[in-house]
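K.L.:
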Amino acid sequence: MYTSAPQLWKRHRDHVGVSDDEVGKTYWKVANGIRLTGMPSYEHVLSTTQMWDVALLLKNADQPLPDPVTAILKQPLQ
Ligand code: HEM
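Residue numbers (my numbering): 549 to 626.
(1) To the nearest angstrom, how far is the alpha carbon of ALA579 from that of THR596?
(2) On the DSSP letters alone, give me the boundaries of the alpha helix (DSSP H) that ALA619 sits inside.
(3) So the candidates are TRP576, ALA619, SER567, MET587; which of them puts its Cα closest to the Cα of MET599?
(4) Among GLY586, ALA603, ASP562, VAL593, whose alpha-carbon lies nearest the alpha-carbon of TYR550?
(5) Please name the residue or residues paired with ARG559 in a DSSP beta bridge.
(6) Measuring only from the beta carbon, is VAL617 closer than 7 Å to any heavy atom that is part of the ligand HEM?
See below:
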């Protein structure tokens, strides 16, 4: 029924997902959704801090993971 949801972790030449967009633009899309698509608004679901967290995460999707995160991922499953 809807436009396909974007692959936000997919590399397109020099960027990944929306990492080339202004972080405020991504924040706005997360907060307000995108009308006439399946993209919902998270304004009443997430706190302002959580929406900035997810927008910053997507902004940095083209960066290597920080060392502490890599260390956790390398740990064997318990
Ligand atoms: C926290 C969860 C989500 C985040 C952070 C997120 C983020 C985004 C972003 C940043 C875009 C814009 C992509 C661009 O500008 O190229 C987008 C578009 C879109 N999202 Fe989401 N999204 C979320 C959840 C969802 C869910 C649950 C759905 C569907 C059930 C959805 C469906 C879509 C669709 C269809 C578009 C494309 C709209 C268009 O073509 O203009 N998203 N999303």
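Beta carbons: idealized from backbone N, C-alpha and C, even for Gly.
P.N.:
Taking the geometry as given:
(1) Using only the alpha carbons, I get a separation of about 8 Å.
(2) ALA619: member of the alpha helix (DSSP H) spanning 615-622, first to last residue.
(3) Nearest C-alpha to MET599 among TRP576, ALA619, SER567, MET587: TRP576.
(4) Checked all of GLY586, ALA603, ASP562, VAL593; the closest Cα to TYR550 is GLY586.
(5) Paired residue(s): VAL564.
(6) The ligand HEM has no heavy atom closer than 7 Å to the beta-carbon of VAL617.
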